[in-house]
Amino acid sequence: MKTVIFAIALFLTSNVFLFAKQVQIEFDIAMFKYDEENVKVETYYSFPDTMLNYVIEGDKYIGELYISIKIHSNIELVDEKEWIVSNFVDMPLLEHKTNLLGQKDFILPVGQYIAEILVFDLNDTTTRAKKNIDIVTKDFSNDKLLISDLQLAQHIEKEKDSENKWNPIFLKNTLFVIPNPSLEYFGTEPVFNSYLEVYNSLDNSKDGYIVAYTFFDAANNEIVSIPQRKNSVSNAQVEYFTFPIELFPTGVYYVQASVKYPPDSPKDSLTASKKFYLINPERPPELKHLFTESMTFEKSEFATMDPKTVETEFEMIRFISTSQEIELFKELSTSEAKQKFLFRYWQLRNPDTLSSINVARENFREVINFANTYFTYGKMKEGWRTERGRALIKYGMPTQRDVFYKTGEHKAYEEWFYGNVQGGVFFYFVDVSGFGNFIQVHSTAWGEVRNENWYVEYAAPDSPSRFEKEQNR
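Heads up, the sequence shown is in our numbering, so the first residue is 88 and it goes up one at a time.
What follows is the structure in structure tokens.
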């Protein structure tokens, strides 16, 4: 798999083309099994709409790019495709709005080839580029467990769930896999997506296999690894992976997909890797770490945690974890994998990775200790498990906490105010049983239980307990 980028004005080949404008088209290639003798070579391309020269056509402006790909063996022209990408706009473009994206597939026998790529602007033929790249197809003909190339994608979704009108050329095995030829992820909430095919697993590893996705920084330091156990259900399986990378700083990264089998005691493994680029305006590049992850993990508290403590730690952080992180933890099957998950979880939230103290982790400890000190009751010694504890973990210490003690028949209750959450929100907790177990009865925060009549129903004299309420429903 190769990525080809034409991004600078220069002289190419002996024919000499002088560019009138930079040719900023980007290509990426991935190979998949087609049949026992042939390989499917998918080529993906994208370029900015501002690269084109636009001319009037009717009441619109049109820009057109000619693209040709010729596949040569060492003796003949094997295949050739040429096409025109057109873009219609109301007015000449002064700023970039979108990238024009496409895909062309070639079915090739196993062998070595040269792909001759030619692109030029139909409205300005001096804006052109020509490039040759080598292609060595993979051999998928044997019966061993095999994997395809790793394709990076902008977006992946199931065909049956899709509400978007994606081009059918991106449909692959009931999935819309929208390619990412630039290998770049942008934004403040970037999500990494990849697609991989696994062949002959049912014949070679009936109990399944482990697929692990490992991310490395530019210095080849491991950042995070997510192993998942998969069942072997056929000899042609799809593995697509989605992972939020908003906590990664801007920089160059490598991702490696490893398939190991058999799952309980792996003896063989296959890998496919890819380089990608991340640009996150809120996470600038960081200085290189002085130690590798394995070194720092071994020195961390998580390396010696017993399985019960690991599970308890995750129960605590699930209130502040993303849905993807919760699902990832559920997929982990070994204690070491779960230990490393917790280690990386807090590493990614560490505001100063060069410091020996993880401030985010220490602040979290303080919250847990506060809950265990002040929110316990009866035999419940873990205050973080209470409803006040949950709110404290999720939203932090309130800006103001008012405690109203039991008076006569009026039950004790607490009013919390957060000035820095959603523009200012309130939480109300009532000791409905009288034993110190305060339940959350009302909040003005989004997604929380709301009951404007909470005082009459829970705190006022003769208001029923929660147990009585549930029994009467």
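For every residue, glycine included, the Cβ atom is placed at its ideal position computed from N, Cα and C.
Query	Result
His376 in three-state terms, based on DSSP	Because His376 sits at a pLDDT of 45, beneath the cut-off of 50, its placement in the model cannot be relied upon, and the following sentence gives the value as read from the coordinates. Of the three classes helix, strand and coil, the one that applies to His376 here is coil, per DSSP.
CA-to-CA distance, Ala458 to Thr561, given in whole angstroms	Limits of the chain in this structure are 88 at one end and 560 at the other, which puts residue 561 out of reach.
Helix, strand or coil at Leu209 [DSSP, three-state]	coil
Closest Cα partner of Phe134 within the set Lys466, Ile154, Val128, Glu144	Ile154
Sufficient close CB pairs (3 or more, under 8 Å) joining the region 261–268 to the region 345–362	no
Element boundaries [beta strand (DSSP E), containing Lys317]	309–317
Proximity to Met178 [Cα-Cα], best of Thr301, Thr137, Pro368, Pro372	Thr137
Cβ neighbour criterion (16 or more within 10 Å) applied to His529	buried
Alpha-carbon spacing of Gln527 relative to Tyr515, whole angstroms	6 Å
Under the three-state DSSP convention, the category Arg436 falls into	coil
Under the three-state DSSP convention, the category Arg405 falls into	helix
Residue span of the beta strand (DSSP E) that contains Leu180, given as start and end	That residue, Leu180, is in no beta strand (DSSP E); it is neither H nor E in DSSP.
CB contact flag (Glu151, Leu209, <7 Å)	yes
Minimum C-alpha distance to Glu124 - residue among Ser408, Lys225, Asn307, Gln487	Lys225
According to DSSP, residues forming a beta bridge with Pro331	Val278
Closest by C-alpha distance to Tyr327, when choosing among Thr212, Gly495, Ser345, Gly198	Ser345
Three CB pairs or more closer than 8 Å across the region 219–233 and the region 245–264	no
The alpha helix (DSSP H) enclosing Leu596, as first and last residue numbers	Past the edges of the chain, shown from 88 to 560, lies residue 596, and the structure says nothing about it.
Same chain, Cβ closer than 6 Å to Leu334, neighbours up to 5 away in sequence not counted	Leu435
Of the residues Val508, Gln509, Tyr492, Asn507, the one placed nearest Glu501, counting alpha carbons only	Tyr492
Leu164 versus Lys157 - alpha carbon distance	7 Å
Ile444 (DSSP reduced to helix, strand or coil)	coil
Opposing strand residues paired with Val346 [DSSP bridges]	Val298, Leu357
Euclidean distance between Cα positions of Thr337 and Gln411	21 Å
Beta carbon of Phe525 nearer than 7 Å to that of Arg475	yes
Cα-Cα separation, Thr486 to Gly295	51 Å
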